[in-house]
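Below: the structure, in structure tokens.
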Amino acid sequence: ILNVEQSPQSLHVQEGDSTNFTCSFPSSNFYALHWYRWETAKSPEALFVMTLNGDEKKKGRISATLNTKEGYSYLYIKGSQPEDSATYLCAPGGKTSYDKVIFGPGTSLSVIP
Amino acid sequence: ETGVTQTPRHLVMGMTNKKSLKCEQHLGHNAMYWYKQSAKKPLELMFVYSLEERVENNSVPSRFSPECPNSSHLFLHLHTLQPEDSALYLCASSQYSGRSTDTQYFGPGTRLTVL
Chain A
1 ILNVEQSPQS
11 LHVQEGDSTN
21 FTCSFPSSNF
31 YALHWYRWET
41 AKSPEALFVM
51 TLNGDEKKKG
61 RISATLNTKE
71 GYSYLYIKGS
81 QPEDSATYLC
91 APGGKTSYDK
101 VIFGPGTSLS
111 VIP
Chain B
114 ETGVTQTPRH
124 LVMGMTNKKS
134 LKCEQHLGHN
144 AMYWYKQSAK
154 KPLELMFVYS
164 LEERVENNSV
174 PSRFSPECPN
184 SSHLFLHLHT
194 LQPEDSALYL
204 CASSQYSGRS
214 TDTQYFGPGT
224 RLTVL
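Going down the list, the protein sequences come from chains A and B. Sequential numbering of the first sequence, starting at 1, is according to our numbering. Sequential numbering of the second sequence, starting at 114, is according to our numbering.
As structure tokens, then:
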């Protein structure tokens, strides 16, 4: 069973600030990691899936990196906008491709105009 | 729109009621999931169906009974629930049978309140 931690729990930034947060997982039991964005009153939406150590994915102003050896992933948002306000969930999956993902508790981001 | 719909969006029920939650996916996926999110807790996987067969049941109490009549529809039948079962229930689907690399597509959820 994966123990997934995300930090910080919540974050308030000014519009235009760049920010980043962390997802930690046991490196000994890893196959893939997902990032999802969950806006209030909407459905969680997939951002990235990463599998390889050193992977870096980018989608607009949002990017993510993966370190499977030390068991963490960073999500970066450049020049935060109010529409980036959401909870960001990471979900690492287990040791084989047939293990299910486990969702972390999320980081709640509020971008103040 | 994610291609996954859930009804109802809100449900209030007494402990002796029987109700059902419905999920429908229009993505042609083979796997469907039920998750529960209680206040201040991470998403918890309840059930996984792959090609209409249940492949995962995470020690969920029997008062929750899933049904998957075909690969597009998933139900969660509720009976004799407790107030602590009040939560947001999310449905999701993925293309393949629940592999850890599969992206999941979520519905908007049903907010359940048990009185």
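The beta carbon of each residue, even a glycine, is placed where N, CA and C say it ideally should be.
Could you tell me which chain D residues have their CB closer than 8 Å to the CB of residue i, listed as they occur along the chain?
i: residue 65 of chain A; result: Although the question refers to chain D, the structure presented lacks it and instead comprises the protein chains A and B.
Checking the sheet assignment: what are the DSSP bridge partners for residue i?
i: residue 196 of chain B; result: None; residue 196 of chain B has no bridge partner.
i: residue 119 of chain B; result: B:136
i: residue 49 of chain A; result: A:34
i: residue 176 of chain B; result: None, per the DSSP bridge assignment.
Mind checking whether residue i and residue j have CB atoms under 8 Å apart?
i: residue 156 of chain B; j: residue 148 of chain B; result: yes
i: residue 128 of chain B; j: residue 227 of chain B; result: yes
i: residue 189 of chain B; j: residue 126 of chain B; result: no
i: residue 191 of chain B; j: residue 176 of chain B; result: yes
i: residue 142 of chain B; j: residue 206 of chain B; result: yes
i: residue 110 of chain A; j: residue 12 of chain A; result: yes
i: residue 222 of chain B; j: residue 115 of chain B; result: no
Is the Cβ of residue i closer than 8 Å to any Cβ of chain A?
i: residue 169 of chain B; result: yes
i: residue 196 of chain B; result: no
i: residue 125 of chain B; result: no
i: residue 220 of chain B; result: yes
i: residue 173 of chain B; result: no
i: residue 214 of chain B; result: yes
i: residue 155 of chain B; result: yes
i: residue 189 of chain B; result: no
i: residue 158 of chain B; result: yes
i: residue 223 of chain B; result: no
Hey, residue i and residue j are a contact pair by Cβ (cut 8 Å); roughly how many whole angstroms apart?
i: residue 76 of chain A; j: residue 63 of chain A; result: 5 Å
i: residue 42 of chain A; j: residue 61 of chain A; result: That pair is no contact at about 19 Å.
i: residue 89 of chain A; j: residue 31 of chain A; result: That pair is no contact at about 18 Å.
So, is the C-beta of residue i closer than 8 Å to a C-beta in chain B?
i: residue 7 of chain A; result: no
i: residue 10 of chain A; result: no
In chain order, each beta strand (DSSP E) run of at least 3 residues that lies wholly inside the stretch 35 to 107 of chain A: 45 to 50, 56 to 59, 62 to 67, 72 to 77, 86 to 93
Every unbroken alpha helix (DSSP H) inside the stretch 3 to 31 of chain A [4 residues or more]: If only complete runs of 4 or more residues are kept, the stretch 3 to 31 of chain A shows no alpha helix (DSSP H) anywhere.
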